[in-house]
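Those protein sequences? They're chains X and D, same order as listed. Here the numbering used here is used: the first residue of the first sequence is 6, the next is one more, and so on. Here the numbering used here is used: the first residue of the second sequence is 137, the next is one more, and so on. We treat Cβ as the ideally placed atom computed from N, Cα and C, and that holds for glycine. Below is one structure; the comments refer to it alone.
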Amino acid sequence: MALLETHGVAKVFGTLRALDGVDVAVRPNSFHGLIGPNGSGKSTFLKALAGDHFTTSGTITFAGHDITTATPAERSRFGMSLKFQITAVLPELSVYDNVLLAMQSREKVWALLRSRSRRRLHGDVMALLERFRLADKCSNLAAELSHGEQQWLEIAMALTGEPQLLLLDEPTGGMSPQERRVTGELLMPIKATTALVIVEHDLDFIKDICDRLTVFDQGRVLDQGTVAEIEASAKVQEVYTTRV
Amino acid sequence: MSSVTPGRRLAAPLRVLPIAELLLLVLLVVLPWFISDFHVIITTRMLILAILALSFDLCWGYSGIMSFGQALFFGIAGYVVALFANKAGVLQLAALVPIGMLVGLVAAGLVGWFLLWARQTPTIIFVALGTLTASYAAERLVAGWQWVGAGNGMSIWDFAMLGPYELDTGLVFYYVGLAFLLFAYLASRYLVRSQFGLVLAGMRQNERRLAFFGYRVQTFKLLVFAFAGMLAGLSGTLYSFHEGFVGPTSLGITQSTYAVLYGLFGGVGTLIGPIIGTLAIETITFVLADRDELKNYWPVVLGVILLVVVAYKPTGIMGFFLSERERLGTFGDDRGGDEPGSAPPREVDRGPA
Numbered sequence: 006m007a008l009l010e011t012h013g014v015a016k017v018f019g020t021l022r023a024l025d026g027v028d029v030a031v032r033p034n035s036f037h038g039l040i041g042p043n044g045s046g047k048s049t050f051l052k053a054l055a056g057d058h059f060t061t062s063g064t065i066t067f068a069g070h071d072i073t074t075a076t077p078a079e080r081s082r083f084g085m086s087l088k089f090q091i092t093a094v095l096p097e098l099s100v101y102d103n104v105l106l107a108m109q110s111r112e113k114v115w116a117l118l119r120s121r122s123r124r125r126l127h128g129d130v131m132a133l134l135e136r137f138r139l140a141d142k143c144s145n146l147a148a149e150l151s152h153g154e155q156q157w158l159e160i161a162m163a164l165t166g167e168p169q170l171l172l173l174d175e176p177t178g179g180m181s182p183q184e185r186r187v188t189g190e191l192l193m194p195i196k197a198t199t200a201l202v203i204v205e206h207d208l209d210f211i212k213d214i215c216d217r218l219t220v221f222d223q224g225r226v227l228d229q230g231t232v233a234e235i236e237a238s239a240k241v242q243e244v245y246t247t248r249v
Numbered sequence: 137m138s139s140v141t142p143g144r145r146l147a148a149p150l151r152v153l154p155i156a157e158l159l160l161l162v163l164l165v166v167l168p169w170f171i172s173d174f175h176v177i178i179t180t181r182m183l184i185l186a187i188l189a190l191s192f193d194l195c196w197g198y199s200g201i202m203s204f205g206q207a208l209f210f211g212i213a214g215y216v217v218a219l220f221a222n223k224a225g226v227l228q229l230a231a232l233v234p235i236g237m238l239v240g241l242v243a244a245g246l247v248g249w250f251l252l253w254a255r256q257t258p259t260i261i262f263v264a265l266g267t268l269t270a271s272y273a274a275e276r277l278v279a280g281w282q283w284v285g286a287g288n289g290m291s292i293w294d295f296a297m298l299g300p301y302e303l304d305t306g307l308v309f310y311y312v313g314l315a316f317l318l319f320a321y322l323a324s325r326y327l328v329r330s331q332f333g334l335v336l337a338g339m340r341q342n343e344r345r346l347a348f349f350g351y352r353v354q355t356f357k358l359l360v361f362a363f364a365g366m367l368a369g370l371s372g373t374l375y376s377f378h379e380g381f382v383g384p385t386s387l388g389i390t391q392s393t394y395a396v397l398y399g400l401f402g403g404v405g406t407l408i409g410p411i412i413g414t415l416a417i418e419t420i421t422f423v424l425a426d427r428d429e430l431k432n433y434w435p436v437v438l439g440v441i442l443l444v445v446v447a448y449k450p451t452g453i454m455g456f457f458l459s460e461r462e463r464l465g466t467f468g469d470d471r472g473g474d475e476p477g478s479a480p481p482r483e484v485d486r487g488p489a
């Protein structure tokens, strides 16, 4: 059974039909890539999944819940997590506080007022920072990190609370080849607990880590399947050779 | 694990804030010994208004709620306690203060519920206009309401009682005002330096991001707004009894604007800033209004000073002394748990408040 399913998702901005009848299913613990030319609707679709904007029509179900009209906070509580395309770390907070803020989001308001959970969460915060190679920069302001490190911090923050599904919007944008390789290494271990939907322009990167791909074109699903199936798809070849 | 030893504090830079807090506290404690009785009364008024400024700072400086109607809660509490005193003979400060704070809390809770409690977070301008309108409407309403003295306001005929003692203006009221200011300061500091305060700090930087973490941002805003209303209610209660009077202007736009100016002048986002801002603006106002040659122009002079500060130093007076890092401070690391070894890591100690 799919963890996430969309049926006939459409999104209209004024006269522009950015998404048009998109059906996608994501299995638990699988890495699912969304690819397509610029403006094909993949980022719009990811944002619709995250609740950043609501769909014009269609339904989205996640872990058995109809989340079509759920707010981002509600989707997050169901176990969905989003990493933004443009890094959205909190620049004026320390790296440590960024992760703590993400991690303490399930705490009750009263517990936050009494600051009871900070020490309890300390080990988890440091373990996550360690895993994402940021432990020795935990006291730095997030703004002081390199672009790649900010992306890793974002991913680390998105993984707190062990979401069932992580949505990643161009995680390797602006990264050096070395940073891309490390990002791949950092992402692979999460497969044991978390499914991933990823939008990415770097096709080599996405082929390396994804199990299945959905190819978008002009707001519609052009094709979907395993990496090998998509690589062999004549329709996809045509779009990529004629328009990319 | 980390190469940073948890709890170890290295290379702590000079922290300005604790020094400023201590200096200001000492100054305010000894000040009455060096000034006239008349100036003690004037300064007491400033201390009480500083609580109102603090309440504005919690809204704008810490939570991104532009409240242009903070005097609404100040004035409503002032009216309610005046009515309790005049109509029901309740004069004990121990009863009046909780009543005033409760009124402020409930009034702000209701206004906040109306303005902030939406599915999507409302814009700054919506909240600013909403609070401004509420303050203006309340001022007009009481100005036409005979039962509460209409445009003439209400005099409070008796002094508040502190146990068996009458609380006349002067030295005792000064220290009562200072004690309540200290209480409001410490309560606010507890709030903004807690893990709750970390959520507020995150909210100020990227509200949308916080929603994606699963925080219901509106809940945090509403709680801070209601708490700030409670402090404004405390301030209004003390102010009414200190002045022996409450009138429509106390809950109107002018008083609300003053709360904004105190905060911006002193520096929002630091708790000490609004207190210094209140003392500075009220002192400048007092000095300028007392000089014959400036009597008619002092609001203009004051306005120009404020414009210069707000335009060229948005961080206010405290911005000259505090680094951005110290202003942001740390969160929740001095409380909770019993294991000193598990304190959060800090290579650089960034100080409180």
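| Item | Value |
| --- | --- |
| Proximity test, Cβ basis, 9 Å: Gly-166 of chain X and chain D | yes |
| 9 Å Cβ cutoff, Ala-264 of chain D in contact with chain X | no |
| For Tyr-310 of chain D, three-class secondary structure by DSSP | helix |
| contact_flag[the stretch 381–389 of chain D, the stretch 229–242 of chain D] where n(CB pairs < 8 Å) is 3 or more | no |
| Which residues DSSP lists as bridging Ile-65 of chain X, in chain order | X:Thr-11 |
| Partners in chain D for Leu-3 of chain X, counting only beta-carbon separations shorter than 7 Å | This structure leaves residue 3 of chain X out entirely; chain X is present only between 6 and 249. |
| Beta-carbon contacts of Trp-253 of chain D that lie in its chain and below 8 Å, excluding the five residues immediately before and after | Gln-354, Leu-358 |
| Boundaries of the beta strand (DSSP E) in which Leu-45 of chain X is found, first to last residue | Reading off the sequence shown, one finds Ser at residue 45 of chain X, where the question assumed Leu. No beta strand (DSSP E) holds Ser-45 of chain X; DSSP gives it neither H nor E. |
| Three CB pairs or more closer than 8 Å across the stretch 165–178 of chain D and the stretch 326–341 of chain D | no |
| Neighbourhood of Val-328 of chain D by C-beta distance below 6 Å, restricted to the same chain and skipping five residues each side | Tyr-198 |
| Neighbour list for Gly-405 of chain D in chain X, Cβ cutoff strictly below 7 Å | Correct list: empty, because the minimum Cβ distance to chain X is about 11 Å. |
| Per-residue contacts from Ala-321 of chain D into chain X (C-beta, under 7 Å) | Contrary to the premise, residue 321 of chain D reads as Tyr rather than Ala in this sequence. Residues of chain X passing the Cβ test: none, with the nearest at roughly 17 Å. |
| Per-residue DSSP class, three states only, for Thr-305 of chain D | coil |
| Residue ranges of each beta strand (DSSP E) within the stretch 79–147 of chain X, 3 or longer | 85–88 |
| Under the three-state DSSP convention, the category Lys-212 of chain X falls into | helix |
| C-alpha gap between Val-263 of chain D and Leu-190 of chain D, whole angstroms | 18 Å |
| Buried or exposed (CB count within 10 angstroms, at least 16 for buried), Trp-293 of chain D | exposed |
| Residues of its chain near Leu-251 of chain D, where Cβ-Cβ distance is below 6 Å and the 5 sequence neighbours each way are ignored | Val-263, Gly-266 |
| Run of the beta strand (DSSP E) containing Leu-21 of chain X, from where it starts to where it stops | 21–31 |
| Any C-beta of chain D under 9 Å from that of Gln-109 of chain X | yes |
| Integer-rounded CB distance, given that Ala-147 of chain X should sit under 8 Å from Gln-155 of chain X | 7 Å |
| Cβ-based burial, Ile-203 of chain X [other Cβ within 10 Å; buried from 16] | buried |
| Exposure of Asp-470 of chain D, with buried meaning 16 or more beta-carbon neighbours within 10 Å | Note that Asp-470 of chain D has pLDDT 48, beneath the 50 cutoff, so the model's placement of it is unreliable and no number is given. |
| Contact the stretch 392–408 of chain D vs the stretch 438–448 of chain D: 3+ CB pairs below 8 Å | yes |
| Leu-134 of chain X vs Phe-467 of chain D beta-carbon contact at 9 Å | no |
| Distance between Arg-225 of chain X and Gly-240 of chain D (C-alpha atoms, nearest Å) | 54 Å |
| Closer than 9 Å to chain D by CB, Ala-78 of chain X | yes |
| Chain-ordered residues of the stretch 348–368 of chain D with a beta carbon less than 9 Å from chain X | Phe-348, Phe-349, Gly-350, Tyr-351, Arg-352, Val-353, Thr-355, Phe-356, Leu-359 |
| Per-residue contacts from Ala-98 of chain X into chain D (C-beta, under 8 Å) | Note that residue 98 of chain X is Leu in the sequence shown here, rather than Ala. The answer, in chain order, is Leu-334, Ala-337, Gly-338, Gln-341, Leu-464. |
| Which of helix, strand or coil DSSP assigns to Met-180 of chain X | coil |
| Chain X contact for Arg-325 of chain D (CB, 9 Å cutoff) | no |
| Span separating the alpha-carbon of Ile-284 of chain D from that of Ala-213 of chain D | Reading off the sequence shown, one finds Val at residue 284 of chain D, where the question assumed Ile. For Val-284 of chain D and Ala-213 of chain D, the distance between alpha carbons rounds to 13 Å. |
| Contacts around Tyr-310 of chain D, its chain only, beta-carbon distance under 6 Å, and the 5 residues preceding and following it disregarded | Pro-168, Val-176, Thr-180 |
| Own chain partners of Ser-99 of chain X with C-beta closer than 8 Å, once the 5 adjacent residues on each side are dropped | Cys-143, Ser-144, Asn-145, Leu-146, Ala-147 |
| Pick from X:Glu-243, X:Asn-34, X:Phe-50, X:Arg-22 that is closest to Arg-217 of chain X, judged by C-alpha positions | X:Asn-34 |
| Short-range partners of chain D found in the stretch 169–200 of chain X, where Cβ spacing is below 9 Å | none |
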